[in-house]
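Residue numbers (this note's numbering): 26 to 256.
One structure is given here, and the rest of the page talks about it.
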């Protein structure tokens with residue numbers, strides 16, 4: 026059976042990006058997954074790995090087919106005080122989270138057709154003041170500005186939205202969740218008293234890609250109520 030639609034996902038080898046790719050492939054959509062390593066979906070029908078280091082300044086992989094949606098998932102967790110933050114830290118987070126997201130959209134936008142959608146990823150740290158999150162707040166804050174600017178520029182043909190998760194159980198956050206005490210502490214910071222689930226976040230991303238036809242320029246917080254509910 027021919028795939029129904031085709032998507033490009035940056036950061037598809039693990040975490041939320043992997044869960045988005047799994048959901049799309051399961052529903053007979055084709056996914057180009059951009060990442061350094063192939064990941065678990067390598068060899069799966071309707072999935073093609075495009076090897077690329079998203080911290081690189083080299084040209085992104087070439088794709089020569091029509092695309093229905095783009096997802097940029099890469100992120101970083103740099104938790105340092107202002108005194109300990111270096112320009113290298115700031116540049117690294119900015120490049121991976123913001124500049125590369127812009128380059129990704131610019132590279133593949135000409136391929137978009139048939140009511141396309143773009144989904145970017147911000148962070149709860151861009152919306153709520155959290156100590157030791159200066160670098161990621163700056164980089165992901167840029168993503169939220171980029172989301173709204175692109176949504177305005179690309180309307181009415183292309184929808185652009187962002188998702189801003191809080192602490193989620195992914196390989197990226199493994200060092201923050203590697204003991205029972207850390208899991209409990211992280212969960213208790215959220216009004217819903219639990220850690221984010223990558224599959225649940227992926228479901229929202231798929232909704233925005235496939236069904237959210239009257240949604241654009243929005244940033245969706247999936248954060249266990251953090252910053253929205255007083256307890």
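Beta carbons are placed, not taken as given, at the ideal position from N, Cα and C, and that holds for glycine.
Residue 213 vs residue 249 beta-carbon contact at 8 Å: Within the chain shown, the letter at position 188 stands for residue 213. Within the chain shown, the letter at position 224 stands for residue 249. No, the Cβ-Cβ distance between residue 213 and residue 249 is not below 8 Å.
Identity of the residue in 60, 65, 61 nearest residue 50 by Cα: Reading the chain shown from its first residue, position 25 is the one you call residue 50. Cα-wise, what sits closest to residue 50 is 65.
Residue interval of the beta strand (DSSP E) (run including residue 13): This structure gives no information on residue 13, because the portion of the chain shown stretches from 26 to 256.
From 39, 54, 36, 42, residue whose alpha carbon lies closest to that of residue 30: Residue mapping note: residue 30 aligns to position 5 of the chain shown, counting from 1. Closest by alpha carbon: 54.
N-terminal and C-terminal residue of the beta strand (DSSP E) that residue 75 is part of: Within the chain shown, numbered from 1, the residue matching residue 75 stands at position 50. Looking at the DSSP string, the run of the beta strand (DSSP E) that includes residue 75 is 72–76.
Selection from 223, 34, 120, 131 that minimises the alpha carbon distance to residue 178: Stepping through the chain shown from its first residue, residue 178 is reached at position 153. For the residues 223, 34, 120, 131, the minimum Cα distance to residue 178 belongs to 131.
Residue from 194, 78, 134 whose Cα sits closest to the Cα of residue 185: Working through the chain shown from its first residue, we reach residue 185 at position 160. Looking at the Cα atoms, 134 is the closest of the given residues.
Residue-level contact to chain C via CB, residue 165, 8 Å cutoff: Of the protein chains in this structure there is only one, and it is not chain C.
DSSP state of residue 250 mapped onto helix, strand, coil: Start at 1 with the first residue of the chain shown, and residue 250 comes out as number 225. DSSP places residue 250 in coil when its eight states are reduced to three.
Residue 136 to residue 200 span [Cα, whole Å]: Start at 1 with the first residue of the chain shown, and residue 136 comes out as number 111. Start at 1 with the first residue of the chain shown, and residue 200 comes out as number 175. If you take the alpha carbons of residue 136 and residue 200, they lie about 38 Å apart.
Straight-line gap, residue 253 to residue 211 (C-alpha atoms, nearest Å): Locating residue 253 in the chain shown gives position 228, counting from the first residue. Locating residue 211 in the chain shown gives position 186, counting from the first residue. Spanning the two alpha carbons is a distance of roughly 17 Å.
Pairwise C-alpha distance: residue 74 and residue 45: Residue numbering aside, residue 45 sits at position 20 when the chain shown is read from its first letter. Residue numbering aside, residue 74 sits at position 49 when the chain shown is read from its first letter. Residue 45 and residue 74: Cα-Cα distance of roughly 14 Å.
Bridge partner(s) assigned by DSSP for residue 185: Residue mapping note: residue 185 aligns to position 160 of the chain shown, counting from 1. Answer is 143, bridged to residue 185.
Alpha-carbon to alpha-carbon, residue 38 and residue 62: What you label residue 62 is simply residue 37 of the chain shown in a count that begins at 1. What you label residue 38 is simply residue 13 of the chain shown in a count that begins at 1. Cα-Cα distance, rounded: 7 Å.
Uninterrupted beta strand (DSSP E) stretches inside the region 78–157 (no shorter than 3 residues): 92–97, 137–146
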